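Inspection log for the structure reproduced underneath, given as structure tokens.
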Amino acid sequence: MFQQPSLRRSQAYRRAIQDVLPLVGVAVAYLVIRLAVLGGIGGYSRSPSLATMLLMPVKYVLALVYPAHALGALGDVSLPLLLAFILGISVAYLTLLHRERPFREMDIGRLLLVAIAIAGSVAVAAMVVFPSAVRSVLMQHPFIGWFTVGLVFALTVSSAIVAALSSAQVFATGDRRVDVFFLVWLVIPLPLFFIGKEFLFRSAYFFVIPLLALLATYLTKFLTLLTENRAEVSGTDAAFALAALALLLPSLAASPLLYTHSGWDSVGSVTNQTMTGVDNRVTEANGNPRVVIEGIPLRIQYHPKHLGEARERTLLHPFSVQAWLRLHGHENPVTVRQMRSFRTAPHAASTTATRRDSTLLINIHYSRQHTNRNESAMFDRAAACRRRLAACPFDTSRRVRTAVHR
Numbered sequence: 007m008f009q010q011p012s013l014r015r016s017q018a019y020r021r022a023i024q025d026v027l028p029l030v031g032v033a034v035a036y037l038v039i040r041l042a043v044l045g046g047i048g049g050y051s052r053s054p055s056l057a058t059m060l061l062m063p064v065k066y067v068l069a070l071v072y073p074a075h076a077l078g079a080l081g082d083v084s085l086p087l088l089l090a091f092i093l094g095i096s097v098a099y100l101t102l103l104h105r106e107r108p109f110r111e112m113d114i115g116r117l118l119l120v121a122i123a124i125a126g127s128v129a130v131a132a133m134v135v136f137p138s139a140v141r142s143v144l145m146q147h148p149f150i151g152w153f154t155v156g157l158v159f160a161l162t163v164s165s166a167i168v169a170a171l172s173s174a175q176v177f178a179t180g181d182r183r184v185d186v187f188f189l190v191w192l193v194i195p196l197p198l199f200f201i202g203k204e205f206l207f208r209s210a211y212f213f214v215i216p217l218l219a220l221l222a223t224y225l226t227k228f229l230t231l232l233t234e235n236r237a238e239v240s241g242t243d244a245a246f247a248l249a250a251l252a253l254l255l256p257s258l259a260a261s262p263l264l265y266t267h268s269g270w271d272s273v274g275s276v277t278n279q280t281m282t283g284v285d286n287r288v289t290e291a292n293g294n295p296r297v298v299i300e301g302i303p304l305r306i307q308y309h310p311k312h313l314g315e316a317r318e319r320t321l322l323h324p325f326s327v328q329a330w331l332r333l334h335g336h337e338n339p340v341t342v343r344q345m346r347s348f349r350t351a352p353h354a355a356s357t358t359a360t361r362r363d364s365t366l367l368i369n370i371h372y373s374r375q376h377t378n379r380n381e382s383a384m385f386d387r388a389a390a391c392r393r394r395l396a397a398c399p400f401d402t403s404r405r406v407r408t409a410v411h412r
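Structure follows, in structure tokens:
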């Protein structure tokens, strides 16, 4: 459709409809099958808090341009290197802009965007160098530093890109219809996330495509201009290319393609041990008892220590355990309670079972990598002691501390 000479001709729309009809047919067939199988549209019923809903656009922006705290990781390696990196890109960008046109001759709009980019660079450097100050000023939250730096980074680089692109040659030769198409593609998912009341970082994978396509469109024009006639490359063109590459750097630095360990292997091992142990305990039980499972691993959510690590790794849900047991031929009624969340992945998982009349109680136990079997058993006994004492009507805090110490 965008290749047509004019969108005012009806022929352009007829051709577009003909091209899209097969996709519409597949989508309708999919909806019919889904309604027939699920008895409705399906999905989950959620009631997130207002704060969670308001964070969705923030997480969406981070998922697109700052999926991991790349600048924080660089600061952990070497603060001088981080500061030199930010200072070098900022100075190079300003030099390229000024070479094309002095700042005093710029219009007020571009000058404001350049000022935002400069202020953002300084703020990003300060927040990475003094992360404790960010947490104390805003709030005590494990991800507040990452979220704040990511938002400021996105605002900074976006301002730099728009300021340079507005007068660049590559923008003058661009196709505005294609630009609008990709921008609409980027904005469309936001109301869908609010309607679904949930956003996960993997929800943005599909919407990274229009962002990359939009940048690739202009970067390709810049490279073509650079190879065909380097003398015609303006300072604003080079400044745009530099800002666009800076926008892509955090995503490239955190790409799983560059790392061999993302954390999913350890999660898969714990999940396999948990489900195998639960299946064995139910198989060993006589009769058809009601199964109650405590301590199923839900997720591992923490601030990644290394680039390439997944921030949140979901392990199991109650319906996953129930479906697994039915898949293995168990028709026992299953209740899952006391789901466990971790900040780091356990080294191993084991199960114990206790029969109480017609109920089979299965407990999941976890051990760390540097704990031996005796230490693991001690922690399991301490956890069991806490559960027993928690049911007492009197104060047991001193007894719990004594039991854990022992």
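The end of the sequence shown is residue 412 by this note's numbering, with every number in the run present. All C-beta atoms, glycine included, are put in the ideal place defined by N, C-alpha and C. Since this is a predicted model, take the numbers as computed values, not measurements.
{"Asked": "Integer-rounded CB distance, given that Gln344 should sit under 8 angstroms from Glu300", "Found": "5 angstroms"}
{"Asked": "Same chain only: Cβ atoms within 6 angstroms of His336, ignoring 5 sequence neighbours per side", "Found": "Val288"}
{"Asked": "Sufficient close CB pairs (3 or more, under 8 angstroms) joining the segment 154 to 170 to the segment 242 to 260", "Found": "yes"}
{"Asked": "Closest Cα partner of Leu322 within the set Met281, Asn286, Pro352", "Found": "Met281"}
{"Asked": "Straight-line gap, Met112 to Glu106 (C-alpha atoms, nearest Å)", "Found": "10 angstroms"}
{"Asked": "Counted within 10 angstroms of its Cβ, other Cβ atoms place Val43 as buried (16 or more) or exposed", "Found": "exposed"}
{"Asked": "Cβ neighbour criterion (16 or more within 10 Å) applied to Ser261", "Found": "exposed"}
{"Asked": "Where Pro303 falls: helix, strand or coil (DSSP)", "Found": "strand"}
{"Asked": "Secondary structure of Arg349, DSSP reduced to three states", "Found": "coil"}
{"Asked": "Residue burial classification, Leu68 (beta-carbon count within 10 angstroms, cutoff 16)", "Found": "buried"}
{"Asked": "Where the alpha helix (DSSP H) through Ile92 begins and ends", "Found": "85 to 106"}
{"Asked": "CB contact check: Met133 to chain C, cutoff 9 angstroms", "Found": "Checking the listed chains, one finds no chain C in this structure; it contains a single protein chain."}
{"Asked": "Cβ contact check for the segment 183 to 193 and the segment 159 to 166: 3 or more pairs under 8 angstroms", "Found": "no"}
{"Asked": "Continuous beta strand (DSSP E) stretch holding Arg343: start and end", "Found": "340 to 343"}
{"Asked": "Proximity below 9 angstroms, CB of Gln175 to CB of Val97", "Found": "no"}
{"Asked": "Expected contact under 8 angstroms - CB spacing of Gly156 and Tyr211 to nearest Å", "Found": "So it is not a contact: roughly 17 angstroms between Cβ atoms."}
{"Asked": "N-terminal and C-terminal residue of the beta strand (DSSP E) that Asn369 is part of", "Found": "365 to 373"}
{"Asked": "DSSP bridge partner residues for Glu359 (one or two, in chain order)", "Found": "This sequence places Ala at residue 359; Glu is not what is there. According to DSSP, Ala359 bridges with Ile368."}
{"Asked": "Nearest neighbour of Ala79, chosen from Ile368, Met133, Ser326, Leu70 [CA to CA]", "Found": "Met133"}
{"Asked": "DSSP beta-bridge partners of Thr320", "Found": "Arg305"}
{"Asked": "Val297 (DSSP reduced to helix, strand or coil)", "Found": "strand"}
{"Asked": "Pro303 burial status per 10 Å Cβ neighbour count (16 or more: buried)", "Found": "buried"}
{"Asked": "Cβ neighbour criterion (16 or more within 10 Å) applied to Arg319", "Found": "buried"}
{"Asked": "Limits of the alpha helix (DSSP H) - the one that Val190 falls within", "Found": "182 to 193"}
{"Asked": "Unbroken alpha helix (DSSP H) run spanning Glu290, endpoints", "Found": "270 to 290"}
{"Asked": "Where Ala329 falls: helix, strand or coil (DSSP)", "Found": "helix"}
{"Asked": "Span of the alpha helix (DSSP H) around Thr233", "Found": "214 to 234"}
{"Asked": "Neighbourhood of Val130 by C-beta, 8 angstroms cutoff - its chain only, sequence neighbours within 5 removed", "Found": "Leu77, Ile92, Val155, Val158, Phe159, Thr162"}
{"Asked": "Member of Val284, Ser373, Phe348, Val120 whose CA lies at the smallest distance from the CA of Val340", "Found": "Val284"}
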